[in-house]
Amino acid sequence: MSIDPVSKIPVSQQLVENGNEHSIQGQFLKSLSEDVWAVIIGGFLITAVLLIAIFSDDFSFSSPVYQWSGVDELVGKVLTLKNLLLITLLWAILLYLYSIANWLSGNDTRKSATGFSIIYILAILSLVIAGNKTINGLGIEYVVFALLIGLFLGNFFSLPAWIRNAARSEFFIKTGLVILGTSVLFTDMVKAGVPGMLQALLVVAVVWYFAFWLCKKLKVDDEFAVIIASAVSICGVSAAIVASGAINADKKKLSYVTTLVLLVAIPMLIIQPWMVKYFNIPEIVGGAWLGGTLDTTASVTAASQLVGPIALKAGVIIKFSQNVLIGFAAFLIATWWIFKKQDSKLNTGTKPSLKLIWERFPKFVLGFIAASLVFSFLIPDETSKQVSGFLNSLRTLWFALAFVSIGIEARFTELAKIENGRPAIAFTTAQLFNIFWTLILAYLLFGGILFPVPAIIGE
0 MSIDPVSKIP
10 VSQQLVENGN
20 EHSIQGQFLK
30 SLSEDVWAVI
40 IGGFLITAVL
50 LIAIFSDDFS
60 FSSPVYQWSG
70 VDELVGKVLT
80 LKNLLLITLL
90 WAILLYLYSI
100 ANWLSGNDTR
110 KSATGFSIIY
120 ILAILSLVIA
130 GNKTINGLGI
140 EYVVFALLIG
150 LFLGNFFSLP
160 AWIRNAARSE
170 FFIKTGLVIL
180 GTSVLFTDMV
190 KAGVPGMLQA
200 LLVVAVVWYF
210 AFWLCKKLKV
220 DDEFAVIIAS
230 AVSICGVSAA
240 IVASGAINAD
250 KKKLSYVTTL
260 VLLVAIPMLI
270 IQPWMVKYFN
280 IPEIVGGAWL
290 GGTLDTTASV
300 TAASQLVGPI
310 ALKAGVIIKF
320 SQNVLIGFAA
330 FLIATWWIFK
340 KQDSKLNTGT
350 KPSLKLIWER
360 FPKFVLGFIA
370 ASLVFSFLIP
380 DETSKQVSGF
390 LNSLRTLWFA
400 LAFVSIGIEA
410 RFTELAKIEN
420 GRPAIAFTTA
430 QLFNIFWTLI
440 LAYLLFGGIL
450 FPVPAIIGE
């Protein structure tokens with residue numbers, strides 16, 4: 000028997016122990032959840048960008064160009080060799096990180112890489128379509144086209160399994176949400192003052208309760224009710240995914256709600272800015288209204304721009320104020336679900352505990368909060384401005400991948416059968432309530448009725 004001269008342990012025994020150690024490491028890596036990988040990848044991208052900015056003061060971050068108004072600009076701006084190389088470089092970076100996560104999780108890397116690449120091309124296509132000046136002027140953003148492209152392919156073509164398996168919408172949007180934290184600053188809540196914080200809290204609390212109550216009246220199950228209430232009251236798809244993770248909901252229900260969110264958002268993007276102008280709603284009130292009802296920062300920006308600069312600033316600040324509540328909502332939903340609405344998985348005699356709350360808490364929310372805290376209080380303004388545009392472009396890419404994937408995952412035939420359409424009725428009714436309730440609050444809080452009009456928003 001050969002003996003290792005250093006450890007004095009038989010070589011055969013050492014090989015077995017090393018094999019077990021690698022096996023344990025492999026099992027640990029495979030056990031990492033989608034949430035954890037989202038935090039790891041999102042955190043890596045943020046850290047890498049910050050390190051480049053800190054150690055290369057004169058480095059200029061370039062983001063891909065998608066905006067164009069005619070064929071000449073399409074060719075001269077979007078389809079230039081430099082822009083296409085930049086888009087390709089970002090594809091390579093995202094694919095590399097995605098493949099590492101897949102490989103360490105024990106998935107087929109080769110097929111998933113091919114599927115990811117196809118979804119990436121479709122995501123870029125949605126960004127280019129939405130980049131058209133005419134379409135952009137209508138307030139229709141890339142998420143709509145990404146969803147429609149995915150729905151078309153997923154429902155009218157028989158896609159191979161390796162494409163459907165690569166369409167990991169939750170993983171993509173969770174990673175994007177971690178990066179979104181870099182632009183959701185706690186200091187923005189201060190800019191809106193008491194009116195902004197009150198509106199964010201009252202919209203989320205009242206609309207969430209109404210939506211949940213309505214779902215129960217319509218006999219919609221509890222999982223659906225929680226996801227719908229969160230999506231309507233906080234921030235659409237992002238909040239739906241947070242709520243779904245907090246209660247470990249059926250992914251088909253999440254796909255159903257996210258599809259509803261995006262489809263209902265289309266008429267809201269067009270009709271609400273028109274109403275602000277037609278009814279002569281004060282610009283700051285209109286911005287606060289749009290910021291409190293539209294579901295993404297991008298849609299708030301697009302719609303508010305149609306109203307005016309004051310509306311744009313007010314809308315974005317209000318939306319950021321609501322986004323800050325994602326972390327608090329995740330904790331409250333996870334805690335409430337375990338202690339008050341225990342599902343069948345917990346009806347085993349096990350007492351609710353902090354451990355169970357931690358297991359249910361969506362871990363990617365911690366990445367979102369950490370990024371927000373770091374950029375709110377630790378990163379200098381100069382550095383933040385230097386990297387914000389590029390980080391936003393990275394976030395947009397992850398979101399575009401997510402919305403294409405949501406479309407691919409959603410099957411019309413299955414969605415139509417779910418609870419005879421009652422969740423759709425509950426969602427649209429709750430959204431109408433949200434629209435009117437938020438408009439009343441915007442008038443009371445920003446119209447000079449209960450508080451002076453926040454001057455800083457108009458600066």
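Sequential numbering of the sequence shown, starting at 0, is according to numbering that gives the first Met the number 0. Beta carbons are placed, not taken as given, at the ideal position from N, Cα and C, and that holds for glycine. Source: prediction; values computed, not measured.
Supposed contact pair residue j and residue i - C-beta distance, whole angstroms, cut 8 angstroms
i, j, result
"residue 185", "residue 323", "6 angstroms"
"residue 301", "residue 140", "5 angstroms"
"residue 474", "residue 440", "The shown model of the chain, from 0 to 458, leaves out residue 474, and the question about it has no answer."
"residue 437", "residue 291", "4 angstroms"
"residue 159", "residue 445", "The pair is not a contact, with the Cβ atoms about 51 angstroms apart (cut-off 8 angstroms)."
"residue 389", "residue 55", "Rounded, the Cβ-Cβ distance is 13 angstroms, inconsistent with contact."
"residue 215", "residue 224", "6 angstroms"
"residue 86", "residue 123", "6 angstroms"
Pick from the options that is closest to residue i, judged by C-alpha positions
i, options, result
"residue 442", "255, 270, 286, 325", "286"
"residue 267", "168, 435, 166", "435"
"residue 459", "89, 67, 69", "Since the first and last residues shown for the chain are 0 and 458, residue 459 lies out of range."
"residue 371", "308, 433, 179, 37", "179"
"residue 361", "328, 385, 373", "328"
"residue 459", "198, 100, 181", "Only positions 0 to 458 of the chain appear in this structure, which leaves residue 459 out of reach."
"residue 315", "232, 227, 298", "298"
"residue 307", "331, 336, 275", "275"
"residue 450", "106, 331, 284", "284"
"residue 326", "410, 237, 391, 381", "237"
"residue 379", "279, 39, 52, 41", "52"
"residue 152", "411, 433, 444, 421", "411"
"residue 170", "359, 79, 394, 401", "401"
"residue 182", "357, 260, 453, 376", "376"
"residue 232", "136, 431, 219", "431"
"residue 395", "142, 79, 95, 83", "142"
"residue 382", "46, 239, 72", "46"
"residue 421", "217, 76, 91", "217"
"residue 161", "235, 72, 107", "107"
"residue 330", "353, 317, 318, 312", "353"
Distance CB(residue i)-CB(residue j) smaller than 9 angstroms
i, j, result
"residue 251", "residue 34", "no"
"residue 126", "residue 65", "yes"
"residue 289", "residue 310", "yes"
"residue 426", "residue 256", "yes"
"residue 176", "residue 373", "no"
"residue 113", "residue 166", "no"
"residue 386", "residue 74", "no"
"residue 466", "residue 303", "Absent from the structure is residue 466, since the part of the chain shown begins at 0 and ends at 458."
"residue 502", "residue 101", "Residue 502 is absent from the structure shown; the chain starts at 0 and stops at 458."
"residue 104", "residue 36", "yes"
"residue 150", "residue 258", "yes"
"residue 423", "residue 206", "no"
"residue 393", "residue 136", "no"
"residue 359", "residue 227", "no"
"residue 356", "residue 333", "yes"
"residue 366", "residue 41", "yes"
"residue 221", "residue 418", "no"
"residue 239", "residue 260", "yes"
"residue 119", "residue 93", "yes"
According to DSSP, residues forming a beta bridge with residue i
i, result
"residue 90", "Answer is none; residue 90 lacks a bridge partner."
"residue 67", "131"
Residue burial classification, residue i (beta-carbon count within 10 angstroms, cutoff 16)
i, result
"residue 404", "buried"
"residue 132", "exposed"
"residue 67", "buried"
"residue 397", "buried"
"residue 109", "exposed"
"residue 146", "buried"
"residue 344", "Confidence at residue 344 is low in this model, with a pLDDT of 48, below 50, so its placement is unreliable and the value that follows should be read with caution. Counting Cβ neighbours within 10 Å, residue 344 comes out exposed, since fewer than 16 surround it."
"residue 384", "exposed"
"residue 43", "exposed"
"residue 448", "exposed"
"residue 69", "exposed"
"residue 97", "buried"
"residue 433", "buried"
"residue 253", "buried"
"residue 312", "buried"
"residue 453", "buried"
Heavy atom of the ligand MN within 8 angstroms of residue i beta-carbon
i, result
"residue 294", "Looking at this structure, you won't find the ligand MN or any other ligand, since it has none at all."
Contact with chain C by residue i, beta-carbon distance below 9 angstroms
i, result
"residue 277", "The structure shown contains no chain C, having only a single protein chain."
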